[in-house]
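Under our numbering, think of the first position of the sequence shown as 131, with each following residue one higher.
The C-beta atom is built at its ideal place from N, Cα and C for all residues, glycine as well.
What follows is one structure encoded as structure tokens, with my remarks underneath.
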Amino acid sequence: MTEFGNIRGKVVVITGGARGIGLATATALQTLGAKIAIGDIDETAVKESGTTQDFDHYGPLDVTDKQSFSDFLDEVERQLGPIDVLINNAGIMPTGKLVDEPDALTRRILDINVYGVVLGSKLALARMLPRRSGHVVNIASLAGESHIPGLATYNASKHAVLGFTDTLREEYRGSGVSISSVLPTLTKTELGSGVTTPKLLRPAEPEEIADAIVKLVAQPRSKVRVTAVAGVIAQIVGLLPQSVGDAIGRALGSQHAFLDEVDEGARKAYEKRVRTGTE
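Written as structure tokens, this is what we have:
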């Protein structure tokens with residue numbers, strides 16, 4: 131068996147799979163023989179991606195709606211068989227200062243980024259635990275191990291995803307179900323459009339994140355950070371006294387990257403989409 135031979139035939143569900151990291155991951159896993167099902171709230175985008183890539187199943191999915199999520203998973207299992215892997219990837223990242231963030235947008239970030247992950251994990255575990263097999267992969271962010279001005283609610287959501295995933299991993303240790311988190315750095319997707327990359331770091335390609343997820347699916351681990359350099363920096367800064375860590379963050383440019391240095395023109399389409407509910 132090759133390094134990724136155990137991926138062939140696995141039924142993999144990916145939320146937010148119509149674009150970005152989700153689509154790159156779906157494509158990479160399909161190449162290795164997995165049966166791919168992508169769901170996305172953007173019906174036009176998910177149909178285009180699903181048909182273009184000839185995925186096994188695709189369709190609309192609202193991760194904040196229990197009926198929508200449950201129906202989607204039920205349909206996947208009817209068509210493809212028991213779900214082996216759920217990748218909770220759907221998420222949004224509006225930028226700006228907290229006092230300027232409409233209450234409705236705050237709720238949307240938490241509903242999608244946190245509740246969507248909790249709900250997806252719960253529904254997947256209910257299917258996987260009786261079989262004593264399966265893998266839940268929650269896409270968090272290195273922002274979940276740091277604090278970045280301009281991303282207060284997003285940061286909070288990713289801290290929540292990490293705490294939730296770490297707790298589940300212990301809660302279901304020995305159950306036969308693996309539970310993992312992935313912590314990407316800023317990535318070259320629409321979500322990261324118009325944002326200035328802090329010094330010493332580079333934005334990752336979505337294929338880099340996908341490659342890390344593929345390796346995680348093939349050989350489950352509790353946590354993986356991408357890129358390695360960004361992950362090491364985040365961990366080191368987290369171990370330092372707060373004043374020192376904050377000073378390093380400011381020196382790297384984090385104080386301005388998601389605020390006054392954002393290219394609003396380049397980011398306009400994404401911000402409009404996630405703020406109006408077609409993400």
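Identity of the residue in the options nearest residue i by Cα
| i | options | result |
| --- | --- | --- |
| leucine 240 | Tyr284, Pro279, Leu272 and Glu207 | Tyr284 |
| glycine 368 | Gln160, Gly293 and Gly274 | Gly274 |
| asparagine 136 | Lys165, Ser305, Gly304 and Thr225 | Lys165 |
| glycine 280 | Asp390, Thr157 and Lys196 | Asp390 |
| asparagine 219 | Arg397, Asn268, Arg257 and Glu300 | Asn268 |
| glutamate 338 | Pro314, Val325 and Leu331 | Pro314 |
Spatial distance of residue i from residue j (CA atoms)
| i | j | result |
| --- | --- | --- |
| alanine 154 | lysine 227 | 31 Å |
| alanine 148 | leucine 191 | 11 Å |
| phenylalanine 388 | arginine 261 | 44 Å |
| glutamine 372 | leucine 382 | 15 Å |
| threonine 161 | threonine 317 | 22 Å |
| threonine 182 | threonine 357 | 29 Å |
| leucine 253 | glutamate 335 | 30 Å |
| leucine 235 | glycine 407 | 9 Å |
| tyrosine 400 | serine 323 | 8 Å |
| arginine 238 | isoleucine 213 | 27 Å |
| arginine 397 | serine 200 | 33 Å |
| aspartate 393 | histidine 386 | 12 Å |
| arginine 405 | proline 224 | 8 Å |
| valine 176 | arginine 403 | 15 Å |
| glycine 379 | glycine 146 | 30 Å |
Pair within 9 Å by beta-carbon distance, residue i and residue j
| i | j | result |
| --- | --- | --- |
| valine 142 | valine 347 | yes |
| glutamate 205 | glycine 189 | yes |
| serine 276 | serine 352 | no |
| isoleucine 278 | threonine 295 | no |
| isoleucine 222 | leucine 321 | yes |
| valine 244 | serine 287 | yes |
| leucine 216 | histidine 187 | no |
| serine 251 | glycine 306 | no |
| valine 354 | phenylalanine 134 | no |
Buried versus exposed, by CB contacts within 10 Å (16 or more), residue i
| i | result |
| --- | --- |
| alanine 364 | buried |
| proline 333 | buried |
| isoleucine 242 | buried |
| valine 247 | buried |
| methionine 131 | Only weak support exists for where methionine 131 lies, its pLDDT of 38 falling under 50; the coordinates are left without a value. |
| leucine 298 | buried |
| alanine 167 | buried |
| isoleucine 151 | buried |
| alanine 156 | buried |
Any alpha helix (DSSP H) of 4 or more consecutive residues that is wholly inside the stretch 345–387: For the stretch 345–387, whole alpha helix (DSSP H) runs of length 4 or above, ordered along the chain, are 358–369, 372–382 and 384–387.
Identify every run of the alpha helix (DSSP H) within the stretch 276–317, keeping only runs that are complete inside it and at least 4 residues long; order them along the chain. Counting only runs of 4 or more, we get 282–301.
Continuous beta strand (DSSP E) assignments of at least 3 residues falling wholly in the stretch 148–210: Entirely contained in the stretch 148–210, the beta strand (DSSP E) runs reaching 3 residues are, in chain order, 165–170 and 187–190.
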